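Read top to bottom, the protein sequences are chains A and B. For the first sequence, the residue numbers in UniProt numbering are 1 to 499. For the second sequence, the residue numbers in UniProt numbering are 1 to 265. Every residue gets a Cβ at the ideal spot worked out from N, C-alpha and C, and that includes glycine. Computed from a predicted structure; not experimentally measured.
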Amino acid sequence: MADVEMKPADAKSKEEVSKETKTTSPPLSPVAEIKSNAALMEKAVHNIEPRFTHRVLRSLAAIRKRLDDKVLHDAIAEVYPKDSAVKASLFAWLPNVPAEDQSMDVDSSASPKTSPTSEPVPEVEIYLRLLVLHHLLTSKSSYDKALELAQETIQRIQSLNRRSMDPIAAKVWFAVERAYELGAELSDARPLFLAAQRTASLRHDDETQASLINRLLRSYIQYSLYDQADKLISKTKFPTSAPTTQYARYHYYLGRIRAVQLNYTDAHTNLQNAIRRAPPPRTAPGFYQAVHKLCVVVELLMGDIPERSTFRHPVLEKALHGYFDIVKAVRAGSLSQFAATLQQHAAQFEADKTYSLIVRLRQNVIKTGIRRLSLSYARISLRDICVKLHLDSEEDAEYIVGKAIRDGVIEGRIVHEKGWMECGAQKSGYGPEVSEMFSRRIGYCLELHNESVKAMRYPLNAHRKELAAAEGAREREKELAKEIQEGELDDEDAMGGDF
Amino acid sequence: MSTQQLSSLYGELTRSFDARPSDLNKCGKLLAQLKVALIETGLIFPQGDHKLEDLVAARDILEIGAFWSIRTKDVPSFDRYFSQLQTFYNDFSSVLPPSKREYPLRGLNLIRLLIQNRIADFHTTLESLPLPADELALNPYIRHPVNLEQWLMEGSYSKVWNAREEAPAEEYKFFVDSLIGTIRNEIASCEETAYESLPLKDAATLLFFKSQSELLEFAKQRGWQVNLTAGTVTFAHKGEEKMEIPKEKLIANDLHYARELEQIV
């Protein structure tokens, strides 16, 4: 799950979280955990039950933080038989563990625990590769190695071509992206992703497909290729059975693309979905912050003011500081304050890739200003508007007010001869628009209800028990009926006998 | 066609394009021939290995083609040249030396999108420029369209009008006419809702008309009532829109809710 966090800027909060998980998690040693995971995977393959694999992958984030050279070394040593080829190839990726350590290990692991005699399933190999890959990605010096390993792992997966490997493969792709991003150019990985995406969609491998679509979108957005990203979205269908975390990312990317295309309503819906589906803010603060940043800007562009409580959230408070200032400027409708804030936080907005979106807010600032004036004055001269909104000239003010009236921002009229604006009465709050708004909200609630009913899980064989119970009841009923019949006969007989 | 022929044609093209005034007819003919040559040598969508100077030549030819289309006021042709140039600008940016004409052309493309009122495309293109966002304001070729868009969106039409002569390159002026057409229509639609009537003289200033006859012609097109004796223009108002309750829709909605609620209970 934690593969959602990817913003290095939030490393601090990440550390905090990892500390927490460390203290709360049971004191099972990482080596033992990896071993038990390998056993689970074995079970998954033999019983054709992907549930176990999913369970293993769920713990990936926690394990990842506890890895080091020795842990990996021990785990590989214990999972594989003594002279296995795979073992040797895996060891090749790890730096040599100090000699005395190694000898100690070998002793302890060889004598008390019996080394397994049979080779585990290839899924385990890929899993271990994934762990090694994640470990290599933690330090800068091993990025090149990680990249090499990533390429080899992908080839290995493709040559093995096992369906039971799909869930792991989806995770591997994430690590591959990371390796390319850190060790080389992300754009170099694009042909690889595209080809794999094609294969995955042909094989109905939903998880890998979902993962790869997100990889591609990210790579396009990284290079600001919004056109290509948009085309990819229109040409592919995001698999509905994809895991929630992938969905959350997909919605985030979609939201970003729509926001760039000025389709704010769509962008807002997608970002809301992304927030709803995101992992809890404490486990993945980076993603949570990134979505909220974008969401605040989109809400402003739509003419709404984001809720204040958003900015008080412990995870968001610090990260959204600059955005809070922008919101204040827009709310006040003051162009000068807006320009100053933009200047002050330019570097942050640039890093978040929201700068150009925020620049678009300028017109919203003006509109808010005009709306405030139209609410508080029945009649105001263009000169005063010009002064209050810090516009350059009266002539501009006249055009701007004219446009605001045409766009329906305010109700009013310009009297050119006298040089003032007369504000009309406000629209009444009742009408078809209100019912439309209500029906949209009701529709949303109903859909949510239906979705959650559909998403409910039932234990697999629960209905069997009921069936058995029903069967039993029917049996009893039959018996009863039979008894009654017999009884009746008996009675009759008895009666007959009497006669 | 061989590469030699290509380069000789290319030389001829640059000569006739750089000549003052440039020979547009000849350029057109040469461009048609060169396009065929580019396709034959596989340089139009370069794949695989090509010599660096060939790629630069191909890019130059396409760039001249794009400028030529603007000078001959052929916007669809500009669109085609520009999309062919995208490959050179985006995918070969690390291989090729940067071109002087790149930003003027990108700016022109932005203006074209603006005039065709494709605002969403305008922003997408702007985002995908290989420049950090705060440097956009420093590049004169990009600043011009960005400012225009901002003013148009705000409604500061007089600034747009004043900026029409400040174009950073010769070619930008070819778009001025259509730009003025765009803002006149915008202003007119604003006036229709914002004013009841206007003196003829003021209307002419607001719309940037120099003579009354131009205004009268324009008023006729938009269907405004002109009162020559009082010297005013009166805008036809589409009376207050009647509020109508969309009965059928409401009933359909209610039935839908009832059905859904029944499912829940």
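Buried or exposed: where does residue i fall if 16 or more other Cβ atoms within 10 Å of its Cβ makes it buried?
i: residue 268 (chain B); result: Past the edges of chain B, shown from 1 to 265, lies residue 268 (chain B), and the structure says nothing about it.
i: Gly11 (chain B); result: exposed
i: Leu448 (chain A); result: exposed
i: Arg101 (chain B); result: buried
i: His321 (chain A); result: exposed
i: Arg178 (chain A); result: buried
i: Met41 (chain A); result: buried
i: Gly65 (chain B); result: buried
i: Arg215 (chain A); result: buried
i: Asp188 (chain A); result: exposed
i: Glu196 (chain B); result: exposed
i: Ala278 (chain A); result: buried
i: Lys159 (chain B); result: buried
i: Asp166 (chain A); result: buried
i: Asp206 (chain A); result: buried
DSSP on residue i, reduced to helix/strand/coil?
i: Arg413 (chain A); result: strand
i: Leu250 (chain B); result: helix
i: Gln158 (chain A); result: helix
i: Thr205 (chain B); result: helix
i: Thr283 (chain A); result: coil
i: Val233 (chain B); result: strand
i: Ser141 (chain A); result: helix
i: Phe92 (chain B); result: coil
i: Ala278 (chain A); result: coil
i: Trp151 (chain B); result: helix
i: Glu486 (chain A); result: helix
i: Thr72 (chain B); result: coil
i: Phe324 (chain A); result: helix
i: Arg308 (chain A); result: helix
i: Phe193 (chain A); result: helix
Would you give the residue range spanned by the beta strand (DSSP E) that residue i belongs to?
i: Leu198 (chain B); result: Ser197 to Pro199
i: Arg379 (chain A); result: Arg379 to Ser381
i: Gln225 (chain B); result: Gln225 to Asn227
How big is the Cα-Cα spacing for residue i and residue j?
i: Gly398 (chain A); j: Arg259 (chain B); result: For clarity, residue 398 (chain A) is Glu in the given sequence; the question names Gly instead. Each residue's alpha carbon lies about 52 Å from the other.
i: Ile358 (chain A); j: Val297 (chain A); result: 7 Å
i: Pro122 (chain A); j: Ala38 (chain A); result: 10 Å
i: Ala137 (chain B); j: Pro168 (chain B); result: 13 Å
i: Gln221 (chain B); j: Ile187 (chain B); result: 14 Å
i: Thr232 (chain B); j: Arg413 (chain A); result: 17 Å
i: Ser224 (chain A); j: Leu52 (chain B); result: 26 Å
i: Thr240 (chain A); j: Met302 (chain A); result: 29 Å
i: Ile111 (chain B); j: Pro280 (chain A); result: 45 Å
i: Leu126 (chain B); j: Asn90 (chain B); result: 14 Å
i: Lys293 (chain A); j: Glu185 (chain A); result: 26 Å
i: Val291 (chain A); j: Pro285 (chain A); result: 10 Å
i: Glu171 (chain B); j: Phe218 (chain B); result: 27 Å
i: Leu375 (chain A); j: Thr87 (chain B); result: 52 Å
i: Gln344 (chain A); j: Arg106 (chain B); result: 29 Å
i: Ala120 (chain B); j: Ser69 (chain B); result: 24 Å
i: Ala340 (chain A); j: Ala346 (chain A); result: 10 Å
i: Leu137 (chain A); j: Trp151 (chain B); result: 48 Å
i: Ser156 (chain B); j: Ala404 (chain A); result: 11 Å
i: Gln84 (chain B); j: Ser128 (chain B); result: 16 Å
i: Leu391 (chain A); j: Tyr226 (chain A); result: 34 Å
i: residue 501 (chain A); j: Thr244 (chain A); result: What the structure shows of chain A is the stretch from 1 to 499, and residue 501 (chain A) is not part of that stretch, so it cannot be assessed.
i: Leu60 (chain A); j: Arg256 (chain A); result: 28 Å
Based on DSSP bridge pairs, tell me the residues matched to residue i.
i: Glu422 (chain A); result: A:Arg379 and A:Arg413
i: Val296 (chain A); result: BP columns for Val296 (chain A) are empty, so no partner.
i: Thr53 (chain A); result: Its beta-bridge partners do not exist; DSSP assigns none.
Please indicate yes or no: does the CB of residue i lie closer than 7 Å to some heavy atom of the ligand FMN?
i: Trp420 (chain A); result: As far as ligands go, the structure on display features none, and thus does not contain the ligand FMN.
Between which two residues does the alpha helix (DSSP H) harbouring residue i extend?
i: Asn47 (chain A); result: Pro30 to Asn47
i: Trp173 (chain A); result: Asp166 to Gly183
i: Arg161 (chain B); result: Correcting the residue identity first, residue 161 (chain B) is Trp in this sequence and not Arg. Element bounds for Trp161 (chain B): Tyr157 to Ala163.
i: Lys220 (chain B); result: Gln212 to Arg222
i: Asp396 (chain A); result: Glu394 to Arg406
i: Glu127 (chain B); result: Ile119 to Glu127
i: Lys70 (chain A); result: Asp69 to Val79
i: Lys231 (chain A); result: Tyr226 to Lys235
i: Asp206 (chain A); result: Asp206 to Gln222
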